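Engineer:
There are 2 protein chains.
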Amino acid sequence: MTHADADQPRRPGLAERKRRLVHEELVDVAASLMAECSFEETTVEQIAAAAGVSRRTFFRYFASKEDVLVQSIAHIGAKLDAHLAARSPAEKPSVALRRAFDVFVRHPTDPKDVRLATVIVRTPALMGRYLEWQIQWRHQVAAVIAGRAGVDPAVDPRPLLMVSVAFAAFDSAMNRWVAGQGAVPLEALLDEAFTLVAPAMDLI
Amino acid sequence: MTHADADQPRRPGLAERKRRLVHEELVDVAASLMAECSFEETTVEQIAAAAGVSRRTFFRYFASKEDVLVQSIAHIGAKLDAHLAARSPAEKPSVALRRAFDVFVRHPTDPKDVRLATVIVRTPALMGRYLEWQIQWRHQVAAVIAGRAGVDPAVDPRPLLMVSVAFAAFDSAMNRWVAGQGAVPLEALLDEAFTLVAPAMDLI
DNA sequence: GACCCGCACGGCACTCGATGTCAAAACAGC
DNA sequence: GCTGTTTTGACATCGAGTGCCGTGCGGGTC
Chain F
294 MTHADADQPR
304 RPGLAERKRR
314 LVHEELVDVA
324 ASLMAECSFE
334 ETTVEQIAAA
344 AGVSRRTFFR
354 YFASKEDVLV
364 QSIAHIGAKL
374 DAHLAARSPA
384 EKPSVALRRA
394 FDVFVRHPTD
404 PKDVRLATVI
414 VRTPALMGRY
424 LEWQIQWRHQ
434 VAAVIAGRAG
444 VDPAVDPRPL
454 LMVSVAFAAF
464 DSAMNRWVAG
474 QGAVPLEALL
484 DEAFTLVAPA
494 MDLI
Chain G
294 MTHADADQPR
304 RPGLAERKRR
314 LVHEELVDVA
324 ASLMAECSFE
334 ETTVEQIAAA
344 AGVSRRTFFR
354 YFASKEDVLV
364 QSIAHIGAKL
374 DAHLAARSPA
384 EKPSVALRRA
394 FDVFVRHPTD
404 PKDVRLATVI
414 VRTPALMGRY
424 LEWQIQWRHQ
434 VAAVIAGRAG
444 VDPAVDPRPL
454 LMVSVAFAAF
464 DSAMNRWVAG
474 QGAVPLEALL
484 DEAFTLVAPA
494 MDLI
């Protein structure tokens, strides 16, 4: 690690802060290596060595090689349902859903986010893992939508369908965002995509 | 293999027919084993042994363990764009897309299809691989949609968005289909889902 | 029938991702 | 400085996936 451990080790506990540092370093090193070479060509051995830890330690921080990059997005997506639940039930679903996806936009745009998204989008294996997470989110968010409409998501297909359309819009925006290398703000792309498919999000 | 090689070895060539037989056997055995136990617990060793071939031969038929099940769907999905291209350009996109997805419905319903879909849907790793394929299809089908509307899919986000909505409807129908174990015909579920989101498929 | 060519198969060895085990090291609190 | 807990690294193991080579089988030629 670095030498910057000499400031106040007070608040979050020193061990915890070190752990976060190693975590961050692994993500950064991995994204860097995979941006240069491909995901497949980059081995866990290389990532661990570049971060200054052993291969075994790598797997104590991440369950799989894919997780090094996907976990960053995964923990953001886990907050989606909470953000949707915080919106007023009076809002139209299309508006509430659009606002819930603001959890993914950062101000100002972090170049590392663009790099991360780029590597994921162009690597089928990583996209696969990301989409696995998306399925979980879909059901969670659909449960919230069903709740505010007072229907049962197990028998009524509309909540999940509405949410799936929202994710289709999100993926469209994300793809255009990385295609333009982050030049066009993600917010604008989200607005455009969500507006186009809004009718299919207001099924209830 | 079996002893049933004594009929006319005329048309497709004997070697080719033997190869198809082994291919089919591997898919069937794999789906059966993975339906009993889980996908992860089932090893390639077991599948190969149950099919009467070596582990090495298994990988000459399938590039990966996931492919044993996903490849069956993959080769169907590869025909999607062709079926869409065969529709009249006068049709509304929502109708043309709905009809294109008829490539996935089989008459009568094959119980093996339901089993296959069930294993895939409930196994995250397999869903991931399936969704990787879906991304390819999305772009192919979007190219056809863009072509019939005379727009450039590289700059206009609408074709891909329309197709993504169609796949959201398809996935919804597929999920309900396996949830009901094939009792409700896939056609009816597709009709219902496509009707609900039709407005978002007629963007051009 | 003998020979040869092509091809699919099996066996072996190897890389790499992923996991369990264990001993040494780093840390926290006393 | 000592002790109990946690973290780490080294080793071993398993399964997925791949390259290489020898072999057996079918088909074609003389």
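Chains as they are written, first to last, in the working numbering: chain F, 294 to 497; chain G, 294 to 497. Beta carbons: idealized from backbone N, C-alpha and C, even for Gly. Just so you know, these numbers come straight off a predicted model, no measurement behind them.
Taking C-beta pairs closer than 7 angstroms, name the residues in chain G that F/Met420 reaches, listed in chain order.
Structural biologist: Glu425, Ile428, listed in chain order.
Engineer: Helix, strand or coil for F/Ser357? Go by DSSP, reduced to three states.
Structural biologist: Of the three classes helix, strand and coil, the one that applies to F/Ser357 here is coil, per DSSP.
Engineer: Alpha carbon to alpha carbon, how far is G/Val477 from G/Ala466?
Structural biologist: Each residue's alpha carbon lies about 10 angstroms from the other.
Engineer: Using 8 angstroms for Cβ pairs, my map puts F/Val456 next to F/Val490. What's the rounded Cβ distance?
Structural biologist: Actually they are not in contact, since the Cβ atoms of F/Val456 and F/Val490 sit about 12 angstroms apart, beyond 8 angstroms.
Engineer: Do the CB positions of F/Glu359 and F/Ala418 come within less than 8 angstroms of each other?
Structural biologist: Against a cut-off of 8 angstroms, the Cβ pair of F/Ala418 and F/Glu359 comes out as a contact.
Engineer: Determine the burial state of F/Thr336: buried for a count of at least 16 other Cβ atoms within 10 Å of its Cβ, exposed for fewer.
Structural biologist: Classification for F/Thr336: exposed.
Engineer: Leaving out five residues before and five after G/Arg441 in sequence, what residues of the same chain have Cβ atoms less than 6 angstroms from its Cβ?
Structural biologist: The residues are Pro382.
Engineer: Considering only residues of the same chain and omitting the five flanking positions on each side of G/Gln364, which have a CB-CB separation below 7 angstroms?
Structural biologist: Excluding positions up to five away in sequence, the list reads Phe355.
Engineer: State buried or exposed for G/Leu307, treating a residue as buried only when at least 16 other CB atoms are found within 10 Å of its CB.
Structural biologist: Exposed is the call here.
Engineer: State buried or exposed for G/Thr350, treating a residue as buried only when at least 16 other CB atoms are found within 10 Å of its CB.
Structural biologist: Answer is exposed; the Cβ neighbour count stays below 16.
Engineer: Where does F/Gln301 sit, in a helix, a strand or coil, going by DSSP?
Structural biologist: Because the pLDDT at F/Gln301 is just 32, under 50, the model does not fix this residue reliably, and the value given afterwards should be weighed accordingly. Three-state result, F/Gln301: coil.
Engineer: Is it the case that the Cβ atoms of F/Leu377 and F/Val444 are separated by a distance below 8 angstroms?
Structural biologist: Contact: no.
Engineer: Quick test of your reading: G/Val412 and G/Phe332, contact by CB under 8 angstroms. State the CB separation rounded to the nearest angstrom.
Structural biologist: At roughly 7 angstroms, the Cβ-Cβ gap stays under 8 angstroms, so G/Val412 and G/Phe332 are in contact.
Engineer: Going by CA-CA distance only, name the one from F/Asn468, F/Phe487, F/Gln427 that's closest to F/Ile366.
Structural biologist: The shortest Cα separation from F/Ile366 among F/Asn468, F/Phe487, F/Gln427 belongs to F/Gln427.
Engineer: Less than 8 angstroms between the C-beta atoms of G/Leu326 and G/Leu362, yes or no?
Structural biologist: No.
Engineer: Hey, G/Asp374 and G/Gln429: beta-carbon distance below 8 angstroms or not?
Structural biologist: No.
Engineer: Could you spell out where the alpha helix (DSSP H) holding G/His316 opens and where it closes?
Structural biologist: G/His316 -> alpha helix (DSSP H) spans 307-329.
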